[in-house]
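Q: Under this note's numbering, read the sequence shown as residues 5 to 298, first letter to last.
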Amino acid sequence: MCSNNNLTSSTLRINCRPLPFNFQHKTVLTPPIPILTYHQVSLRLNRGAVRHAPLAVEKYILSPQAFSSQMSWLAGRGYTPISLEALLACRRGEDVLPNKPVMITFDDGYQDLIRYAVPILQKHAFPAIFYLVAGLVGQTNAWMEGPGEIPLMDWDEARQLIDSGFQIGSHSMHHPKLAEIPLEDVRNELADSRHLLELRLGCEIRHLAYPHGAYNEAVQRIAGETGYHSAVSIRIGLSNLTDDVYALQRVPMSRQDSMLDFICKLRTARNFRKSFKLARRNWRGSLKRAMHFE
Ligand SMILES: [Zn+2]
C-alpha cells in the first residue's frame with residue numbers, strides 16, 4: 005500500500021474518532037459522506053491558456069482561489085477529510101466515521117494540480133486521492149475531443165504526491181468508456197493500469213475511478229477480479245456505508261459553483277438551485293400528505 009508519510013496514525017485516529025453510537029446497527033443513521041470530485045485547479049482559464057476549450061473541459065477548471073476558499077470552509081466548519089482506507093475500515097466495522105466526514109478526489113491527474121491544489125491541501129493537512137490515466141501519464145488529456153488539451157502530471161510528480169502522503173488510484177490505461185468496450189478490453193484496461201502504476205510508483209494501487217463514470221455490472225465484477233478494493237462512479241449523491249463499494253456515489257465540483265452551491269453540495273450533493281427545488285418539492289409533498297390531499 006502507498007505509504008502515507010504525512011498522515012500519521014494519530015491523524016487517522018482523529019479522522020475516525022469514536023461517535024456515541026454503534027453505526028454498524030442497521031437502525032442507526034450514519035453521517036453521509038460527500039465524496040468530492042475535482043478535476044482541475046488552475047489559472048489556465050484566467051490566463052486564456054485554454055482558448056476555445058470545450059465546455060466539458062472548462063466546466064471542471066476551478067481557480068486556485070475558489071478551491072482554497074472551499075478547503076478553508078471545510079477546515080473552519082469542522083469537516084474531517086478522510087482517506088478511502090479509513091472509509092473501507094469503517095465499512096468493515098473496524099473503525100468509526102468522524103462527525104463530518106468528507107473525501108477529496110481528483111480525476112485524470114492534471115499537472116497543474118501539483119502547483120495549485122497540492123499546496124492548499126498540505127496547508128490544511130487534508131488527505132486526497134488522485135486517479136491517474138496510467139497509459140497517458142506525462143502526456144495530455146487526449147481523450148477529450150476538440151481543442152484545449154491539457155498536460156497531465158508525469159511519473160516524478162506522481163511519486164512526489166506519494167512521498168507527500170497522498171494516495172494514487174487508477175483511472176484506467178486510456179480513459180475509455182468501460183461500459184461500451186469488449187469485456188476483455190475492460191480487463192486489460194483495469195489490470196494493466198494497476199500493474200503499470202504499481203511498477204512505476206512502487207506502491208499498491210487499490211482504488212479505481214471509472215472514466216466518464218461509465219460502468220455496468222460486468223465492469224464492477226472485473227474491477228473486483230483485477231484486485232481493486234473500491235471504485236468511484238460519477239453517480240451524484242452522498243455516499244454512505246451501504247453504498248456499493250464498486251460504485252461509490254460522488255459529488256461533482258464545477259467552476260460555476262458559488263460558495264453557497266458548495267455548502268449545499270456538502271449536504272445534498274446538489275447545487276443551491278437544485279437543493280432548493282428538491283426541498284420545495286419535499287415540503288409540498290409533506291404539506292399535501294399532512295392535509296390528506298395524497
Ligand atoms: Zn476522467
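Using N, Cα and C, we set each Cβ at its ideal position, and we do this for glycine too.
1. Between Thr230 and His179, what straight-line distance do the alpha-carbon atoms span, to the nearest angstrom?
2. Going by DSSP, what residues sit across from Phe110 in a beta bridge?
3. For the stretch 125-187, list the beta strand (DSSP E) runs that are entirely contained and at least 3 residues long, ordered along the chain.
4. On the criterion of 16 or more Cβ atoms from any shown chain inside 10 Å, does Met157 qualify as buried, or is it exposed?
5. Within the present structure, is the beta-carbon of His175 separated from the nearest heavy atom of ligand 1 by less than 7 angstroms?
6. So what does DSSP say about Thr246, is it helix, strand or coil?
7. Cα-Cα, which of Asn103, Arg95, Glu98, Ala132 is closest to Gly113?
8. When you measure from the CB of Pro215 to every non-hydrogen atom of ligand 1, does any distance come out below 7 angstroms?
9. Is it the case that the Cβ atoms of Leu136 and His175 are separated by a distance below 8 angstroms?
10. Measuring only the C-alpha atoms, how far is Ile37 from Ile108?
11. Since Leu118 and Glu161 should fall inside the 8 angstroms C-beta cutoff, what is the C-beta to C-beta distance between them, to a whole number of angstroms?
12. Please state the DSSP three-state secondary structure of Thr84.
13. Cutting at 6 angstroms between CB atoms, please list the residues of its own chain near Ser4, excluding the five before and the five after it.
14. Here's a check: name, in chain order, each residue in its chain whose Cβ is nearer than 7 angstroms to the Cβ of Pro22, leaving out the five neighbours to either side.
15. For Val106 and Leu270, which I take to be in contact (beta-carbon distance under 8 angstroms), what is that distance rounded to the nearest angstrom?
16. Quick check: what's the CA-CA separation for Thr84 versus Pro102?
17. Report the three-state DSSP secondary structure of His211 (helix, strand or coil).
18. Among the candidates Glu188, Gln171, Met257, Glu208, whose CA atom is the shortest distance from the CA of Tyr232?
19. Considering only heavy atoms of ligand 1, does any lie closer than 7 angstroms to the CB of His199?
20. Beta-carbon within less than 6 angstroms of Ala273's beta-carbon, same chain only, minus the 5 sequence neighbours each way: which residues are those?
21. So Gly217 and Ile185 are in contact, right, with Cβ under 8 angstroms, and what is the actual spacing, rounded?
22. What separation, rounded to the nearest whole angstrom, lies between the Cα atoms of Ala183 and Ala213?
A: This is what the structure gives:
1. 17 angstroms
2. Tyr42, Phe134
3. 133-136, 171-174
4. buried
5. yes
6. coil
7. Ala132
8. yes
9. yes
10. 11 angstroms
11. According to the sequence shown, residue 118 is Ile rather than Leu. Confirmed, about 5 angstroms.
12. strand
13. The displayed coordinates of the chain run from 5 to 298. Any statement about residue 4 would go beyond what the structure contains.
14. With a pLDDT of only 35 at Pro22, under the threshold of 50, the placement of this residue in the model should not be trusted, and no figure is reported.
15. 7 angstroms
16. 7 angstroms
17. strand
18. Glu208
19. no
20. Ile240, Gly241, Leu242, Val255
21. With 8 angstroms as the limit, Gly217 and Ile185 do not qualify as a contact, their Cβ atoms being about 15 angstroms apart.
22. 13 angstroms
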